[in-house]
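Asker: Here the sequence shown stands for residues 2 to 223, numbered as in this note's numbering. Before I ask anything, here is the structure I am working with.
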Amino acid sequence: MKELLSKKRRFIEEETIELEGGCSAIIQKSLPQKSKDPGSFTIPVTIGTLLVGKALLDLGANINLMPLSMMRRIGDLEARPTRMTLQLADRLIKYPHGVVEDVLVKVDKFMFPVDFVVMDMEEAIEVPLILGRPFMKAAKVIIDVDDGKLKVRVQDEEVNFNVFEAMQYPNDKNDCVDILDDVIFAASSQIHSQSSLEKALIEAFEFLNDEEEKEIDGFLLP
Numbered sequence: 002m003k004e005l006l007s008k009k010r011r012f013i014e015e016e017t018i019e020l021e022g023g024c025s026a027i028i029q030k031s032l033p034q035k036s037k038d039p040g041s042f043t044i045p046v047t048i049g050t051l052l053v054g055k056a057l058l059d060l061g062a063n064i065n066l067m068p069l070s071m072m073r074r075i076g077d078l079e080a081r082p083t084r085m086t087l088q089l090a091d092r093l094i095k096y097p098h099g100v101v102e103d104v105l106v107k108v109d110k111f112m113f114p115v116d117f118v119v120m121d122m123e124e125a126i127e128v129p130l131i132l133g134r135p136f137m138k139a140a141k142v143i144i145d146v147d148d149g150k151l152k153v154r155v156q157d158e159e160v161n162f163n164v165f166e167a168m169q170y171p172n173d174k175n176d177c178v179d180i181l182d183d184v185i186f187a188a189s190s191q192i193h194s195q196s197s198l199e200k201a202l203i204e205a206f207e208f209l210n211d212e213e214e215k216e217i218d219g220f221l222l223p
């Protein structure tokens, strides 16, 4: 059917045409009803004596992210230096403050040792903590988007959350974007303060002004 619609080959009058699932669903009007965006998924967590509140579960993140201000409030945490660099979607570079390892994160009755990348950035009010795929794998998180149920498991025990009830802020408020905006602003400020050569070395060419571009050209000319 797709080939006929795109006119890739001629139609044969007595030919039997097999329809793919998508085409059949459209013809039979059996497509499922559209659903509204359920919003972000969060869970309540505690670290030590600090009630963090809601942590954002982010499947797109391969790290767990903690603001430097939170690390200092928790206390008894020491960040080790790291050469890690984080590159954002728009190619901006951010350098973490450090990494803290084996931080005990409490989710309901369960405790999980979690490694965090610590960033010197403004702490988001609604979701100050981001838990990525490493945590979700360790906690064996299962999310039923349709029912809004989130399950955390340890061996044969499990805890269930209703993530829709846990979210007490508007669904159209994307806290993950807010956090990234903070990171982007901080990274932009840092890059603007760097020399033209430093900007060129990290490929931040969009931050070069005309005078700096001429200076870089001078370095490259023999």
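Idealized CB from N, CA, C, for every residue including glycine.
1. Tell me which residues share the same chain as R74 and place their Cβ nearer than 7 Å to its Cβ, disregarding the 5 neighbours each side in the sequence.
2. Please classify V146 as buried or exposed, where buried requires at least 16 neighbouring CB atoms within 10 angstroms.
3. Look up E158 in the DSSP assignment and say whether it is helix, strand or coil.
4. Answer with buried or exposed for I131, where buried requires no fewer than 16 other C-beta atoms within 10 angstroms of its C-beta.
5. Taking 8 Å as the threshold (C-beta atoms), are V142 and L58 in contact?
6. For M72, count the other beta carbons within 10 Å of its own beta carbon; 16 or more makes it buried, fewer makes it exposed. Which is it?
7. From the DSSP output, in three-state form, read off A139 for me.
8. I need the DSSP call for M120, collapsed to helix, strand or coil.
9. Quick one: grab the DSSP three-state call for V164.
10. Going by other Cβ atoms of all chains shown within 10 Å of its Cβ, with 16 needed for buried, is P114 buried or exposed?
11. Which term fits I44, buried or exposed, when burial requires 16 or more other beta carbons within 10 angstroms of its beta carbon?
12. Just to check my reading of the structure: L78 and V104 have Cβ atoms closer than 8 Å, yes? What is that Cβ distance to the nearest angstrom?
13. Relative to the C-alpha of D121, which residue among V128, V160, P97 is closest?
14. Kindly identify the DSSP beta-bridge partner or partners of K55.
15. Whose CA, out of V155, L66, F42, lies closest to the CA of E124?
16. Ignore the nearest five residues each way along the sequence and tell me which others in V128's own chain have a CB closer than 7 Å to its CB.
17. For K215, is the classification buried or exposed, using 16 other Cβ atoms within 10 angstroms of its Cβ as the cut-off for buried?
18. Between which two residues does the beta strand (DSSP E) carrying L132 extend?
19. How would you call K235, buried or exposed, if buried means at least 16 neighbouring beta carbons within 10 angstroms?
20. Strictly by DSSP, which residues pair up with P114?
21. Quick test of your reading: A62 and G133, contact by CB under 8 Å. State the CB separation rounded to the nearest angstrom.
Answerer: Working from what's here:
1. Once the five neighbours on either side are set aside, the close Cβ partners of R74 are L51.
2. By the neighbour-count criterion, in which a residue is buried when 16 or more other Cβ atoms sit within 10 angstroms of its Cβ, V146 is exposed.
3. In the three-state reduction of the DSSP assignment, E158 falls in the strand class.
4. Within a 10 Å sphere around the beta-carbon of I131 sit 16 or more other beta-carbons, which makes this residue buried.
5. Contact: yes.
6. Classification for M72: buried.
7. Helix.
8. Looking at M120 - three-state DSSP - the assignment turns out to be strand.
9. Assignment of V164 by DSSP, reduced to helix, strand and coil, places it in the helix class.
10. Within a 10 Å sphere around the beta-carbon of P114 sit fewer than 16 other beta-carbons, which makes this residue exposed.
11. I44 comes out buried.
12. 7 Å between Cβ atoms; contact.
13. Closest in alpha carbon position to D121, among V128, V160, P97, is P97.
14. BP columns for K55 point to P45.
15. Scanning V155, L66, F42 for the CA closest to the CA of E124 turns up L66.
16. These residues qualify, in order along the chain: T43, K55, A56, L57, D176.
17. K215 is exposed by the Cβ-count criterion.
18. If you look at L132, you'll find it in the beta strand (DSSP E) that goes 130-132.
19. Coverage of the chain is limited to positions 2 through 223, which leaves residue 235 absent and any answer about it impossible.
20. Paired residue(s): L105.
21. That belief holds up - the Cβ atoms of A62 and G133 are roughly 3 Å apart, short of 8 Å.
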